[in-house]
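Q:
Residue numbers (the numbering used here): 101 to 540.
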C-alpha cells in the first residue's frame, strides 16, 4: 500500500513539473493583463503589431479563392531570426507556406494561401524560433474557398479518319494541366497504358500513324501529392491496309514483232493513289532495270511467249504481284537466220506439209502385230491359274459377319466407331471397310 501511494506521488510530481511552465505563463499573462499567446511571444522577444487576413478573388468569378495573411511584428531584442508558417488544412491533407525573418526593430511579412480544393479550409499560424522549435500556434478562421488554380485535368484527343488503316495520318493529343500540385510542390506521376510503345511524360502528341493494326484501349491517369486525380480513356481500332489491287492489260498481244506493244497497269482501287507506290517489272522473273512506271514498253521483245509480271509495293510494304503471258509472233520479213532461230508461223492452208509415206505406216503396223502375237502365245503357254496376290489382312469377323471382339468389352463413340478394350487398358478400333481391328 505504501508503494502504491509512493508511485502516485511520483506521477503527480511529474505532471506538476510539465504543467508548471505553462501555468506560470498563464498566471503571468493574467497578472499583466495580456493573453497567454502574447505572453509566449514576448518571452521570445516578439510583439505582434498587426495581423490581417484578406480574402481574394483572383479569377474574378465571385468566389473566394485565396487568403492573404499579413503579419507585422516587433522585437525587443537587438537581432532575431525566426520563421512564420501558414498552415492550411482541408480534410486529411495539409499544405504549408512559410516565410523566414531576420530583423531588428520592426518588420512585416505577407503570406498567400491559394485554395487547391473546393470546400472549407482551416488556417493557422505557427511561430518558429531560430532553433526550429514551434513556440506558438495561432488559430485563424476557417474559410469556404473555390480554387482559382486548375485542378488536374487530362483529355486524350484523337485526330484521324473515322476508319483508320495502317499508314493513315493519326495523332493523339494529350491535353494535361495541373496548377495545384506544382503550387505546393506536390507534382504527381502520369501513367499511360495501352500503347504498343513506351510513352514519355514530355510527349504532348503521339503519332499513331505507324502503329501496327489492332484494337487499342488507351488510358492516361494522374495523381498529385495532394491526392487529386484525373484520368482519360480513348479506344481506337487500326485496320490492316489492303494489298494493292490492280490488273494488267496488254496492247499488242498475239501481234507480230513489227507492231508496237505495251503492258499497262490498271488500278482496281478507286480511292487509292498508286503514284507513290514502288513498281517492279520482271520478264521471266528477271528484273527489268529502269522500269518503274505504270506502263511497260514490250515492243522490243522477240517472237515467242514471255511471262511479264508487275509487283506493286505500297507505303506500308504490302505488295501484290500480277502477271500476264504475252505472245509475240514473228514478222513477215524475216532473214534466213531469224527463220532458223525463231518459231515458225502457221500460214493456214498455205502452210506446206511433208508426206510421211504409206509404206512407213504399213511397216510399223506389221511390227506391232508381230509383237502382240508373240505376247499372246506366251501367255497361253503359262499356268492356267495365276495365284492372286494377297490384297489385305484376313477379316476378323464371326460367321454372321459381325466383328469378332474375342470376348473383350466394346463401346460405340458419338461418331459411330466401334472400340474394344484389352485387359491392360489398350484400345482397338474397328475398320468397317477392311473388317479388321486396329490398335489405337
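For glycine and all other residues, C-beta sits at the position ideal for the given N, C-alpha and C.
Going by the beta-carbon positions, is the gap between residue 155 and residue 180 smaller than 9 Å?
A: Taking the first residue of the chain shown as position 1, residue 155 is located at position 55. Taking the first residue of the chain shown as position 1, residue 180 is located at position 80. Going by C-beta atoms, residue 155 is not nearer than 9 Å to residue 180.
Q: Enumerate in chain order the residues of its own chain whose CB-to-CB distance from residue 531 is below 7 Å, with the five nearest sequence positions on each side excluded.
A: Within the chain shown, the letter at position 431 stands for residue 531. Excluding residues within five positions, the ones whose Cβ falls inside 7 Å are 538.
Q: What number of angstroms, rounded off, separates the C-alpha of residue 333 from the C-alpha of residue 213?
A: Position 233 of the chain shown, counted from the first residue, corresponds to residue 333. Position 113 of the chain shown, counted from the first residue, corresponds to residue 213. Near 34 Å, if we compare the C-alpha coordinates of residue 213 and residue 333.
Q: Could you give the distance in angstroms between the alpha-carbon of residue 319 and the alpha-carbon of residue 302?
A: Taking the chain shown and counting its residues from 1, one reaches residue 319 at position 219. Taking the chain shown and counting its residues from 1, one reaches residue 302 at position 202. Rounded to the nearest angstrom, the two C-alpha atoms are 16 Å apart.
Q: Using a threshold of 9 Å, state whether the C-beta atoms of residue 294 and residue 252 are closer than that.
A: Against the chain shown, residue 294 aligns to sequence position 194. Against the chain shown, residue 252 aligns to sequence position 152. Not a contact, by the Cβ cut-off of 9 Å.
Q: Closer than 8 Å is the cut-off here; do at least three beta carbon pairs connect the stretch 236-251 with the stretch 307-315?
A: Too few Cβ pairs lie closer than 8 Å, so no.
Q: When you compare each of 278, 229 and 147 to residue 325 by their alpha carbons, which one comes out closest?
A: Residue 325 sits at position 225 when you count from the first residue of the chain shown. Residue 325 has its Cα closest to that of 278, out of 278, 229 and 147.
Q: Go through the stretch 370-445 residue by residue and report every complete run of the beta strand (DSSP E) that reaches 3 residues or more, in order.
A: Counting whole runs of 3 or more residues, the stretch 370-445 contains the beta strand (DSSP E) stretches 378-383, 395-397, 404-413 and 419-429.
Q: Check whether the Cβ atoms of residue 342 and residue 265 lie closer than 9 Å to each other.
A: By 1-based counting over the chain shown, the position of residue 342 is 242. By 1-based counting over the chain shown, the position of residue 265 is 165. For residue 342 and residue 265, yes; Cβs fall inside 9 Å.
Q: Please name the residue, chosen from 430, 379, 414 and 396, that lies closest to residue 404 on a Cα-to-Cα basis.
A: In the chain shown, the residue the question calls residue 404 occupies position 304. Nearest option by C-alpha distance: 430.
Q: DSSP state of residue 143, grouped into three classes?
A: Locating residue 143 in the chain shown gives position 43, counting from the first residue. The answer is helix: DSSP assigns residue 143 an H, G or I state.
Q: Of the choices 394, 305 and 189, whose alpha-carbon is the least far from that of residue 347?
A: Reading the chain shown from its first residue, position 247 is the one you call residue 347. Ranking 394, 305 and 189 by Cα distance to residue 347 puts 394 first.
Q: Using 9 Å as the threshold, is the C-beta distance between residue 215 and residue 245 below it?
A: Residue numbering aside, residue 215 sits at position 115 when the chain shown is read from its first letter. Residue numbering aside, residue 245 sits at position 145 when the chain shown is read from its first letter. The answer is yes: Cβ separation under 9 Å.
Q: Can you tell me which of the three DSSP states residue 247 falls into?
A: Translated into the one-based positions of the chain shown, residue 247 becomes position 147. DSSP places residue 247 in coil when its eight states are reduced to three.
Q: Can you tell me which of 536, 426 and 198 puts its alpha carbon nearest to the alpha carbon of residue 498?
A: As a position in the chain shown, residue 498 is number 398, starting the count at 1. The residue with the shortest Cα to Cα distance from residue 498 is 536.
Q: Tell me, please, whether the stretch 353-364 touches the stretch 409-429 by the rule of three or more beta-carbon pairs shorter than 8 Å.
A: Because the criterion of three Cβ pairs below 8 Å is met, the stretch 353-364 and the stretch 409-429 touch.
Q: DSSP beta-bridge partners for residue 518?
A: The residue given as residue 518 occupies position 418 in the chain shown. According to DSSP, residue 518 bridges with 512.
Q: Check each candidate in 540, 290 and 337 and name the one with the smallest Cα separation from residue 88.
A: No statement about residue 88 is possible, as the shown extent of the chain runs from 101 to 540 and does not include it.
Q: Judging by CA-CA distance, which residue of 345, 288 and 172 is the nearest neighbour of residue 422?
A: By one-based count along the chain shown, residue 422 stands at place 322. The shortest C-alpha separation from residue 422 is found at 345.
Q: Beta-carbon within less than 6 Å of residue 357's beta-carbon, same chain only, minus the 5 sequence neighbours each way: which residues are those?
A: Mapped onto the chain shown, residue 357 falls at position 257. Here the set comprises 403, 428 and 431.
Q: Quick check on this structure: which residue in 416, 387 and 340 has the alpha carbon closest to the alpha carbon of residue 374?
A: For the purposes of this step, residue 374 is taken as residue 274 along the chain shown, with counting starting at 1. For residue 374, the nearest C-alpha among the options comes from 416.
Q: Residue 350 and residue 426 - do their beta-carbons sit closer together than 9 Å?
A: Taking the first residue of the chain shown as 1, we reach residue 426 at position 326. Taking the first residue of the chain shown as 1, we reach residue 350 at position 250. It is a contact, given that the beta carbons lie within the stated cut-off.
Q: Between which two residues does the alpha helix (DSSP H) containing residue 283 stretch?
A: The residue labelled residue 283 in the question sits at position 183 within the chain shown. Residues 280-283.
Q: Going straight from the alpha carbon of residue 198 to that of residue 148, what length do you get?
A: For this step, residue 198 is matched to residue 98 along the chain shown. For this step, residue 148 is matched to residue 48 along the chain shown. If I take the Cα positions, the gap works out to 17 Å.
Q: Check whether the Cβ atoms of residue 185 and residue 225 lie closer than 9 Å to each other.
A: The residue given as residue 185 occupies position 85 in the chain shown. The residue given as residue 225 occupies position 125 in the chain shown. It is a contact, given that the beta carbons lie within the stated cut-off.
Q: Could you have a look at residue 544 and say whether DSSP puts it in helix, strand or coil?
A: Residue 544 lies beyond the residue range present for the chain, which begins at 101 and ends at 540; the question has no answer from this structure.
Q: Would you please state the rounded distance, in angstroms, between the beta carbons of residue 208 and residue 171? I believe it to be under 8 Å.
A: Working through the chain shown from its first residue, we reach residue 208 at position 108. Working through the chain shown from its first residue, we reach residue 171 at position 71. The pair is a contact, with the Cβ atoms about 7 Å apart (cut-off 8 Å).
Q: In or out: residue 297 buried (at least 16 other Cβ within 10 Å) or exposed?
A: For this step, residue 297 is matched to residue 197 along the chain shown. The residue is exposed, with fewer than 16 neighbouring Cβ atoms inside 10 Å.
Q: Could you check the C-alpha separation between residue 300 and residue 267 for me, to the nearest Å?
A: To locate residue 300, count along the chain shown from 1; it is residue 200. To locate residue 267, count along the chain shown from 1; it is residue 167. Roughly 22 Å between the two C-alpha positions.
Q: Spatial neighbours of residue 190 within its chain, please: CB distance less than 8 Å, with the 5 preceding and 5 following residues excluded, ordered by chain position.
A: In the chain shown, the residue the question calls residue 190 occupies position 90. Closer than 8 Å at Cβ, skipping near neighbours: 216, 217, 219, 220, 221 and 222.
Q: Is the CB-CB distance between residue 331 and residue 254 below 9 Å?
A: As a working note, residue 331 is residue 231 in the chain shown. As a working note, residue 254 is residue 154 in the chain shown. Closer than 9 Å, so yes.
Q: Identify whether residue 366 lies in helix, strand or coil by the three-state DSSP scheme.
A: Here residue 366 is taken as the residue at index 266 of the chain shown, counted from 1. Reduced to three states, the DSSP call for residue 366 is strand.
Q: Could you tell me the alpha carbon to alpha carbon distance between residue 290 and residue 161, rounded to whole angstroms?
A: Taking the chain shown and counting its residues from 1, the one referred to as residue 290 is at position 190. Taking the chain shown and counting its residues from 1, the one referred to as residue 161 is at position 61. Cα to Cα, residue 290 sits roughly 30 Å from residue 161.
Q: For residue 206, which residues of its own chain have a beta-carbon under 8 Å away from its beta-carbon, when the five flanking residues on both sides are left out?
A: For this step, residue 206 is matched to residue 106 along the chain shown. Answer for residue 206: 149, 172, 173, 174 and 175, listed in chain order.
Q: Quick one: using the 10 Å Cβ neighbour count with 16 as the cut-off for buried, is residue 166 buried or exposed?
A: On the chain shown, position 66 is the one that residue 166 refers to. Label assigned to residue 166: buried.
Q: Quick one: what does DSSP say residue 231 is sitting in, helix, strand or coil?
A: For the purposes of this step, residue 231 is identified with residue 131 of the chain shown, where counting begins at 1. Three-state DSSP puts residue 231 in coil, outside helix and strand.
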